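Per the working numbering, the sequence shown runs over residues 28 to 270.
Think of the CB as a built atom: it goes at the ideal place given N, C-alpha and C, for glycine as much as any other residue.
These numbers were taken from a predicted model, which means no experiment stands behind them.
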Amino acid sequence: MKILIALQDCDMRMRDIQIKEEEGPRKIQRIKEKLAAVEGQLEEEANQLEEYTSERRQAEQEIEDIENNLKKSNIKLSNIKSNKEYQAALKEIDDLNKEKSVFEDRVINIMEQVEALQASYAISRKNIEETRQQFELDHNEILKILKALNRDLGKIEKKRKQFSQAVDPGLLKKYDSLRTHKGGIGVSPVIKGVCQTCHLDIPPQKFNELLRGDKLMTCPNCTRIIYWGDDERYKNNRVEPEP
């Protein structure tokens, strides 16, 4: 029984390690996604800055074109003789000035937006550098942990092989079947008459038989192999990987 308990300890340790190994790539993927989100924001802000720059150039070109038209209109105004044509020219100049004012306001608005976005862009650039550095640290740490887990797994697998060779083949087959169909646990301690895995009572007569420890017994409720959990022979039976 002691070897069987040690065998199960190996299996549970291996399962814990495998769960942690599976979590490693997921952690890496999460920090990759975080980095990609920061990079995406930075790219979006850079594109927006380019768009604002283009809009500003267009508005400034419109202002330049309007100013040229104003010069022409003012020259034309000085050569007009009739009052009707003079009033029409004044209206044309007024309309051009209004149009110019609209584009000037647009340029001012763009400049304000650019100023705010540049501040945000500077913060994003700082964030992305920090995120990249943290990504490298986290990535390397996860790989380091995975390497250590893999090393421990190999040592525990070696121990398991040794224990499995020391167990009766029929009992090993029964244990492996229970472990497969019972959530990875084939052996359970019984303490104060209660199975510590299914948490149901063991009949008193059966528990007394278990205390004697002279035969292999199973839980009448969950069918797992059981042993008396307070038996000193079976305590501190944890398997640790060798250094």
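Roughly how many whole angstroms lie between the Cα atoms of LEU69 and ASP179?
For this step, residue 69 is matched to residue 42 along the sequence shown. For this step, residue 179 is matched to residue 152 along the sequence shown. The straight-line gap separating the alpha-carbon atoms of LEU69 and ASP179 is approximately 41 Å.
Please specify which runs of the beta strand (DSSP E), each continuous and at least 3 residues long, are wholly inside the region 189 to 215, giving them in chain order.
List check, beta strand (DSSP E) in window: nothing returned.
Own chain partners of ASP228 with C-beta closer than 7 Å, once the 5 adjacent residues on each side are dropped
In the sequence shown, the residue the question calls residue 228 occupies position 201. Exclusion of the five residues before and after ASP228 leaves GLY220, VAL221 as the residues of its chain whose Cβ lies within less than 7 Å of its Cβ.
Beta carbon proximity, LEU69 to chain D, threshold 8 Å:
Chain labels in this structure do not include chain D; a single protein chain is all it has.
Look at ARG251 and SER204 and say whether their C-beta atoms are less than 8 Å apart.
As a working mapping, residue 251 is identified with position 224 in the sequence shown. As a working mapping, residue 204 is identified with position 177 in the sequence shown. Between ARG251 and SER204, the C-beta gap is not smaller than 8 Å, which leaves the two residues out of contact.
Kindly identify the DSSP beta-bridge partner or partners of MET41.
The residue you call residue 41 lines up with position 14 of the sequence shown. In DSSP, MET41 forms no bridge with anything.
Quick one: is ASP36 buried, meaning 16 or more other Cβ sit within 10 Å of its Cβ, or exposed?
One-based indexing of the sequence shown puts residue 36 at position 9. It is buried - the Cβ of ASP36 has at least 16 other Cβ atoms within 10 Å.
I'd like the span of the beta strand (DSSP E) that includes ILE253, first residue to last.
Sequence index remark: in the sequence shown, residue 253 carries index 226 (1-based). ILE253 -> beta strand (DSSP E) spans 252 to 255.
Name the two residues that bound the continuous alpha helix (DSSP H) containing ARG239.
Along the sequence shown, read from residue 1 onward, the residue named residue 239 stands at position 212. In the DSSP annotation of this structure, the continuous segment of the alpha helix (DSSP H) that includes ARG239 starts and ends at 231 to 239.
With three or more C-beta pairs closer than 8 Å as the rule, is the region 167 to 178 touching the region 81 to 98?
The region 81 to 98 is not in contact with the region 167 to 178.
Applying the 10 Å Cβ sphere with the 16-neighbour rule, what's the burial state of ILE150?
Reading the sequence shown from its first residue, position 123 is the one you call residue 150. When all chains shown are included, ILE150 counts as exposed.
Spatial distance of HIS208 from LYS200 (CA atoms):
By 1-based counting over the sequence shown, the position of residue 208 is 181. By 1-based counting over the sequence shown, the position of residue 200 is 173. Their Cα atoms are separated by approximately 12 Å.
8 Å Cβ cutoff met for TYR261 and LEU34:
For this step, residue 261 is matched to residue 234 along the sequence shown. For this step, residue 34 is matched to residue 7 along the sequence shown. No, these two residues do not count as a Cβ contact at 8 Å.
When the Cα atoms are used, what is the spatial distance from PRO196 to ARG53?
For the purposes of this step, residue 196 is identified with residue 169 of the sequence shown, where counting begins at 1. For the purposes of this step, residue 53 is identified with residue 26 of the sequence shown, where counting begins at 1. Distance between the alpha carbons of PRO196 and ARG53 is about 38 Å.
If you compare alpha carbons, which of HIS226, GLY213, CYS225, THR80 is closest to LEU243?
Counting from 1 along the sequence shown, the entry for residue 243 is found at position 216. Of the listed residues, the one whose Cα sits closest to LEU243 is GLY213.
Meets three-Cβ-pair contact criterion under 8 Å: the region 139 to 156 and the region 94 to 103
Here the region 139 to 156 makes no contact with the region 94 to 103; the two share fewer than three CB pairs at distances below 8 Å.
GLN75 and LEU123 closer than 8 Å at C-beta
The residue you call residue 75 lines up with position 48 of the sequence shown. The residue you call residue 123 lines up with position 96 of the sequence shown. No, the Cβ-Cβ distance between GLN75 and LEU123 is not below 8 Å.
Starting from the Cα of GLU126, find the closest Cα among ASN96, ILE137, LYS111, ASN110 and give me that residue.
Numbered from 1 along the sequence shown, position 99 holds the residue referred to as residue 126. Here the closest residue by C-alpha is ASN96.
Considering only residues of the same chain and omitting the five flanking positions on each side of ARG187, which have a CB-CB separation below 6 Å?
Walking along the sequence shown from the start, residue 187 turns up at place 160. Taken in chain order, the residues that qualify are CYS37.
Since I believe TYR148 is in contact with ALA64 (beta carbons under 8 Å), could you give me their beta-carbon distance rounded to a whole number of angstroms?
Mapped onto the sequence shown, residue 64 falls at position 37. Mapped onto the sequence shown, residue 148 falls at position 121. Between ALA64 and TYR148, the beta carbon gap of about 16 Å keeps them out of contact (Cβ cut-off 8 Å).
Which residues in the same chain have their Cβ closer than 6 Å to the Cβ of MET28, if we skip the five residues on either side of it in sequence?
Within the sequence shown, the letter at position 1 stands for residue 28. These residues qualify, in order along the chain: TYR254.
Please return the same chain residues whose Cβ sits closer than 6 Å to the Cβ of LYS59, not counting the five positions on each side in sequence.
Numbered from 1 along the sequence shown, position 32 holds the residue referred to as residue 59. Excluding positions up to five away in sequence, the list is empty.
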